[in-house]
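As given, the protein sequences belong to chains A and B, one line each in that order. Residue 1 is where the first sequence starts when you use full-length UniProt numbering, and the numbers rise one by one after that. Residue 1 is where the second sequence starts when you use full-length UniProt numbering, and the numbers rise one by one after that.
Protein chains: 2
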Amino acid sequence: MSEVEDVVVHVPLGDRAYDIQIGRGLIGRAGALIAAVAPGAACAVVTDANVAKAHLGALEQSLAAAGIRHESVVCAPGEASKSYAGLQEVCDAVIGARMERGDIVVALGGGVIGDLAGFAAAVVRRGMRFVQIPTSLLAQVDSSVGGKTGINSAHGKNLVGAFHQPILVLADVGALDTLAEREFRAGYAEVAKYGLIDDAAFFGWLEEHHRGVFAGGPDRVHAIRTSCAAKAAMVVRDEKEEGDRALLNLGHTFAHAFERLTRYDGARLVHGEAVAVGLACAFRFSAALGLCSGQDAGRVEGHLRTVGLPTRIRDIPGWDGGAAAILDAMFQDKKVQRGALTFILARGVGQSFIARGVDADRVRAFLDAELDRT
Amino acid sequence: MSEVEDVVVHVPLGDRAYDIQIGRGLIGRAGALIAAVAPGAACAVVTDANVAKAHLGALEQSLAAAGIRHESVVCAPGEASKSYAGLQEVCDAVIGARMERGDIVVALGGGVIGDLAGFAAAVVRRGMRFVQIPTSLLAQVDSSVGGKTGINSAHGKNLVGAFHQPILVLADVGALDTLAEREFRAGYAEVAKYGLIDDAAFFGWLEEHHRGVFAGGPDRVHAIRTSCAAKAAMVVRDEKEEGDRALLNLGHTFAHAFERLTRYDGARLVHGEAVAVGLACAFRFSAALGLCSGQDAGRVEGHLRTVGLPTRIRDIPGWDGGAAAILDAMFQDKKVQRGALTFILARGVGQSFIARGVDADRVRAFLDAELDRT
C-alpha cells in the first residue's frame, strides 16, 4: 500500500466551524489532535464492544499519552443501542464520569455510535463538545459529517435527535482495513451518491478508480475527501435541512422504505445496500418519467453492480412486498412534507434535483413495473 | 379585581426572537394567538392530569375555534415525569399524533411540564416549534422564559436537556387564581429574586405592593412583566449561560443543596421555598464576608418572612443535615466549574455579582453559624 498523507476538509459553519481530518493512523494520534483543539478538556469515549476490541486500546493509550483524563462507555453493538434506553445509558455514564460542559464526548465507531454519542453530547448538561472518530466507510463519508444525531422511536428511525456539530472529525482510513467486505461495499454506495448528486466528474473518476478505493491507499483518501467535502458544502448551505440539503437523500426515499419493509434486518439488507438499490431506482424512475436517459440509468446500475452492490428490489433476499406496501412505507418516512411525497430525481449523472409533490400513482406504476421484471 | 390589559415583553434573540404575552384569559384566546404566529401548524398539547382538569378544555376549545388540528398528551403530575421515561412517553405521543417539523408542541402547565415538553420539542424530528402556556407563578416568571429545557438524571436534576426557545409564551395570570397559596408564595421568591439581583427599585416596589401581587389584578401583571423582562434581558445577553446569566442563580447554590438533602420531597420543601432560604443565606453569607451590610441582609429576610416564606435552614421541616452534608451537595451541583464553588453574592439589594472560587472553609464556617442559631 502506498504511503498516505493526511488531508483536511474544513467545514466553515461560523462559530461551529470544524475540521475533518482524513488519513492513516489517526486513532493513534487522536490524543494530541484533540488536545490541540480543546486543551484541558476530559474525554468520555463512547464505542461498541466490537469496535472496542479493534481500536479502543489504541485510542485510550493516545489520550493518556496526551495527558487527557478519559473514561470509556462500551455499548452493545447494533442498531438496538440507538434507543431511549441506549441514550439513558450513555448520558448517565458520561455524567457519572464527572464530565462537565466544556468536556468532550468522543464517538469511536460506525453510524450507530456516532448518532447515539452525538445525541448524548447534545443533551448532557444541555450540550457538551463532541468529537467523531468514524470507523466505517459509511460513517466517514456520511453520518459523521453534518451534525445530525439521534435515536430511533417506535414510530421510525432517527425521529428523535438534535443537530449538534462536532468540533473535530478524525477519519482514520486504516480503520477500514479491518471492515468486512460487505460493510465497506455498502458504504461505497454513499460515496457513489455524491457523484450522482452533482459531480459527474467524480462519478467518472470512481468508474476508473474503484479498485483503488477498495484497496486502500491514496485513492481511498481521495474518495473520502471528495465525499466529505461534498457533504460539508451542502451542510454549510443548509445546516438544518430546510432546503438543498435534501439532495443528500438521493435514493433514500426508496431506501428507507426497503429498510422498513425488511424490518431493519441487517442480515438481509444493510443501509448502504438499500441506498444502492434506491439510487438505481431513483435513476430508473427518472428515466421512466422522461427526465433522464435510459443510458444514464443503465450507467448508474452498471457501476453499482461492478462493485458488487444490489440494484434491483428483487435483489433483496426474501423480498415479498408489493408496490402498495412500499408506498405505505414511504408515506411513513419523516421526510414526507404535509402529506406530499418528495423524491430526489435526476436529469442525468450529477444532475439531481428536489421533486416535491410527486404523484403517488406514478410511483405505484413505476414500482409495479420494477417488481414484474426479473 | 380591577380590569387588566395584556402586556407584551419582547425577547430579541435574532432569528429566535419571541414575545411573552401577559394578561387575563389568554388560555381562552390561545388558538387565535398561536395561529397568528404559526399559521397552518398543528399543536400537540402536553399537560399533566391536574392542569388538564382546570384548563385543558378551554385550550382545546380555543384551538378548535381557530381551526388548529390538535392532540393532547396528559402526563402524571409531579417531578417524576421529568425523566427519560417521561421524555419517551411525550416524544412517542407527539410523533404518533403525526406532528411534523413545522408543527408545535404546546406546554400547558408548571415548570415540570414546560421543561419536559420543551425538551421533547427540541428533539422530536430534531426540533419542532414550541409554545409555553405556564400555569404557575414560578413557570411564568422563571422557567418558561429563557429556553432551558430538560429532564432529571439519576445523578441530579436538569442534567440532560437542551436550549430550545419558544416561539410564543402566553402567561395567563388568571390561571394563578386557582393555585394553592403555598405554590403562589413559592413562585414569589423568584419574583423577589429579580429585585435582589440588579433592581433595587423593583424590590422596594414589592415591599410596598406585595399584597396587590398576591391579590391579582394590575400589580400582579406588573410584577410578572418586570420579572420576565429582567430574565429576558439576561438571557439575551447570555443565551447559553456562559457568563452573566449565572446571576439568575442568586440563592440557588444554597437552594439546590437544600432540595437535594430533602430528596426533592415537595411536602417538606418546594423549589421556591428553597430559593427563599437560599436568597436569605446568600445575603447573610455576603454580610458575613463583609460584602454587604447586615441591614441589607435583614431587609431581605424581613420581606420574605412578611409574605410567609421560610428564610432559615432550620425553617425546613425535619432538617437534620450538617454543614458538611450541605457542602457535599453543593459540590455535586452542575454549576460547579472544575471543582471550584461559584456563588452569586451581593454588595447590597440589587447589587449581586458572580463570585468564583469561593473558599469552601468560609462556606463551612458560615453554615456552622447558621445551623447553631435558632
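By construction, the Cβ of each residue, glycine as well, lies at the ideal position given by its N, Cα and C atoms.
Does DSSP put residue i in a helix, a strand or coil?
| i | result |
| --- | --- |
| Asp-115/A | helix |
| Ala-107/A | strand |
| Arg-69/A | coil |
| Asp-296/A | helix |
| Arg-347/A | coil |
| Asp-42/A | In the sequence as presented, Asp is not what sits at residue 42/A; that position holds Ala. Ala-42/A: coil per DSSP, three-state reduction. |
| Arg-29/A | helix |
| Leu-13/A | coil |
| Lys-240/A | coil |
| Gly-156/A | strand |
| Ile-326/B | helix |
| Asp-320/B | coil |
| Gln-332/A | coil |
| Val-124/B | strand |
| Leu-341/B | strand |
| residue 386/B | The structure shown has nothing for residue 386/B, since chain B only spans 1 to 374. |
| Thr-47/B | strand |
| residue 437/A | Lying before the first or after the last residue shown, residue 437/A is absent from chain A, which here runs from 1 to 374. |
| Ala-267/A | coil |
| Val-7/B | strand |
| Ala-76/B | coil |
Between residue i and chain A, is any beta-carbon pair separated by less than 8 Å?
| i | result |
| --- | --- |
| Cys-43/B | no |
| Ser-72/B | no |
| Ser-153/B | yes |
| Ser-144/B | no |
| Gly-96/B | yes |
| Arg-16/B | no |
| Arg-126/B | yes |
| Ser-2/B | Any answer about Ser-2/B is weak, because its pLDDT of 48 lies below 50 and its placement is not dependable; what the coordinates show is given next. Cβ-Cβ to chain A under 8 Å: no for Ser-2/B. |
Does any residue of chain B have a CB that is nearer than 8 Å to the CB of residue i?
| i | result |
| --- | --- |
| Asp-92/A | yes |
| Ala-122/A | yes |
| Ala-162/A | yes |
| Leu-159/A | yes |
| Gln-88/A | yes |
| Gly-150/A | yes |
| Tyr-264/A | no |
| Arg-69/A | no |
| Tyr-84/A | yes |
Got a sec, what are the start and stop residues for the beta strand (DSSP E) residue i sits in?
| i | result |
| --- | --- |
| Thr-253/B | Unbroken run through Thr-253/B is the alpha helix (DSSP H), 252-261; no beta strand (DSSP E). |
| Gln-88/B | Premise fails: Gln-88/B lies in the alpha helix (DSSP H), 84-96, not in any beta strand (DSSP E). |
| Ile-133/B | 129-134 |
| Ala-355/A | 352-358 |
| Gly-102/B | Note, Gly-102/B: premise wrong, no beta strand (DSSP E); not H, not E. |
| Tyr-18/A | 18-23 |
Would you mind giving the Cβ-Cβ distance between residue i and residue j, rounded to the nearest angstrom? I have them listed as a contact below 8 Å.
| i | j | result |
| --- | --- | --- |
| Gly-109/B | Asp-48/B | 5 Å |
| Met-297/B | Arg-284/B | Reading off the sequence, residue 297/B comes out as Ala, not Met. Right, the Cβ-Cβ distance comes to about 5 Å (below 8 Å), so this counts as a contact. |
| residue 378/B | Leu-345/B | Only positions 1 to 374 of chain B appear in this structure, which leaves residue 378/B out of reach. |
| Ser-72/B | Leu-87/B | The pair is not a contact, with the Cβ atoms about 17 Å apart (cut-off 8 Å). |
| Leu-341/A | Ala-369/A | That belief does not hold up - the Cβ atoms of Leu-341/A and Ala-369/A are roughly 17 Å apart, past 8 Å. |
| Val-221/A | Tyr-18/A | No, Val-221/A and Tyr-18/A are not in contact; Cβ-Cβ is about 19 Å, not under 8 Å. |
| Gly-216/A | Val-173/A | 7 Å |
| Arg-225/B | Val-9/B | 6 Å |
Using a C-beta cutoff of 8 Å, does residue i count as contacting chain E?
| i | result |
| --- | --- |
| Arg-268/B | No chain E is present in this structure, whose protein chains are A and B. |
Could you pull the start and end residues of the alpha helix (DSSP H) that residue i belongs to?
| i | result |
| --- | --- |
| residue 394/A | No information on residue 394/A is available, as it lies outside the stretch 1 to 374 that chain A covers here. |
Just to confirm the assignment: which complete alpha helix (DSSP H) runs, minimum length 4, are found wholly within the region 166-225 of chain A?
181-198 and 200-215
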